[in-house]
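Have a look at the structure below, then the notes.
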Amino acid sequence: MPNERIFIVEDDDSLAQLLQRHLVRFGFDVELARDFQRIDEEVHRYQPHLILLDVNLPYYDGFHWCRVIRRFSKAPVVYVSARTGDMDKVLALDYGGDDYLTKPVNPEVLLAKVRALLRRAYGEYAEGTTPSQAIVKHGVVLDVWKSQISYMQRSENLTATELRLLQGLMNADGGVVTRQELLEMAWEDTRFVDDNTLTVNIARLRAKLASIGWTDAIRTVRGIGYRLAFPEGGSHTA
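Residue numbers (UniProt numbering): 1 to 238.
Listed below in structure tokens is the structure:
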């Protein structure tokens with residue numbers, strides 16, 4: 001019996017609850033989005049195996065959220081939208097979606113799509129395998145699914161913003177990442193993000209890394225940005 005987690009991002013409560021009831025009947029764990037300004041944080045918290053995503057949403061549309069989610073998750077995304085144009089379907093797939101269903105959606109077709117995508121994404125997941133996505137470098141493990149950083153058997157949970165910042169720095173493998181690049185990684189729309197906001201988040205991230213024994217982890221490159229100094233024994237220590 002399946003127990004995969006499905007996250008529904010749909011602002012029409014009646015439709016969201018209808019889809020939830022249908023999927024729960026077949027053994028899925030289903031959570032509904034509540035805060036349409038912080039969909040990414042809800043995805044981090046719930047760690048779904050698949051996401052059903054509307055396009056027309058309050059604050060930001062589904063295309064926006066799919067781009068954001070794709071920065072930290074490979075969970076399949078199925079758009080469920082009233083938009084029927086070919087260009088909408090093209091954009092949905094270009095922005096990282098895996099499938100596109102138009103409303104009114106046939107519940108049986110939706111169920112078949114969900115099952116097929118879960119099989120494709122996780123293989124024998126029904127037998128108990130667990131999806132994971134981790135960046136491992138120099139003894140440091142960044143678990144993207146759990147939004148958690150670990151080193152020397154100690155761990156710290158990260159906020160969605162901290163996770164994106166650390167992902168960008170770790171992917172650079174000790175190279176310099178500019179402040180502008182980090183701003184764009186952490187915030188989709190940087191027009192309303194104060195430069196000091198990045199400084200504050202970097203400071204918080206440094207403190208969390210120090211708490212697990214990775215001291216002096218983030219080095220400032222004056223006038224440019226930041227780079228990681230990996231723990232002693234790695235090839236990128238300063």
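Even for Gly, the Cβ is constructed at its ideal location relative to N, Cα and C.
Cutoff 6 Å; reference residue i; Cβ partners in own chain excluding five residues on either side
i	result
Met152	Gly213
Gln47	Trp145
residue 239	Residue 239 is absent from the model: the chain starts at 1 and stops at 238.
Cα-Cα separation between residue i and residue j, rounded to whole angstroms
i	j	result
Glu10	Val68	17 Å
Ala33	Val43	9 Å
Asp54	Asn157	29 Å
Ala203	Ala75	30 Å
Thr178	Tyr95	24 Å
Pro231	His138	7 Å
Leu101	Leu23	16 Å
Ser81	Asn201	35 Å
Ser211	Val141	15 Å
Asp40	Leu50	14 Å
Leu52	Gly223	42 Å
Arg206	Val176	16 Å
Leu117	Asn106	17 Å
Leu111	Leu93	20 Å
Gly196	Leu166	Sequence inspection shows Asn at residue 196; the Gly mentioned does not correspond to that position. Each residue's alpha carbon lies about 17 Å from the other.
Leu163	Asp86	34 Å
residue 271	Gly174	Since the first residue of the chain shown is 1 and the last is 238, residue 271 is not available in this structure.
Asn3	Asp29	6 Å
Tyr79	Arg21	18 Å
Asp143	Ile135	7 Å
Asp12	Pro58	11 Å
Residue nearest to residue i in terms of C-alpha spacing, selected from the options
i	options	result
Tyr226	Leu209, Ala172, Thr215	Ala172
Thr161	Ser155, Leu169, Arg154	Leu169
Gly27	Val114, Thr84, Tyr46, Lys103	Val114
Gln17	Glu31, His49, Leu111	Glu31
Arg71	Leu209, Ala186, Leu110	Ala186
Asn56	Glu41, Phe36, Leu209	Phe36
Glu108	Arg25, Asp12, Arg219	Arg25
Asp61	Asp88, Val221, Leu209	Asp88
Lys208	Arg120, Ser14, Leu15, Gln148	Gln148
Strand pairing of residue i, partner residues [DSSP]
i	result
Ile218	Leu228
Arg154	Tyr151
Val141	Val136, Ser150
Val176	Val176 pairs with nothing; no bridge assigned.
Close-in-space but distant-in-sequence residues of the same chain around residue i (CB under 8 Å, 5 per side omitted)
i	result
Thr84	Thr102
Ile6	Leu23, Phe28, Asp29, Val30, Glu31, Pro48, His49, Leu50, Ile51, Leu52, Val114
Close beta carbons around residue i, own chain, < 7 Å, minus the five adjacent residues each side
i	result
Val193	Leu183, Trp187
Val221	Val176, Arg227
Sequence ranges, beta strand (DSSP E) only - wholly within the UniProt domain "Response regulatory" (5-118), length at least 3: 5-9, 29-32, 50-53, 77-81, 99-102
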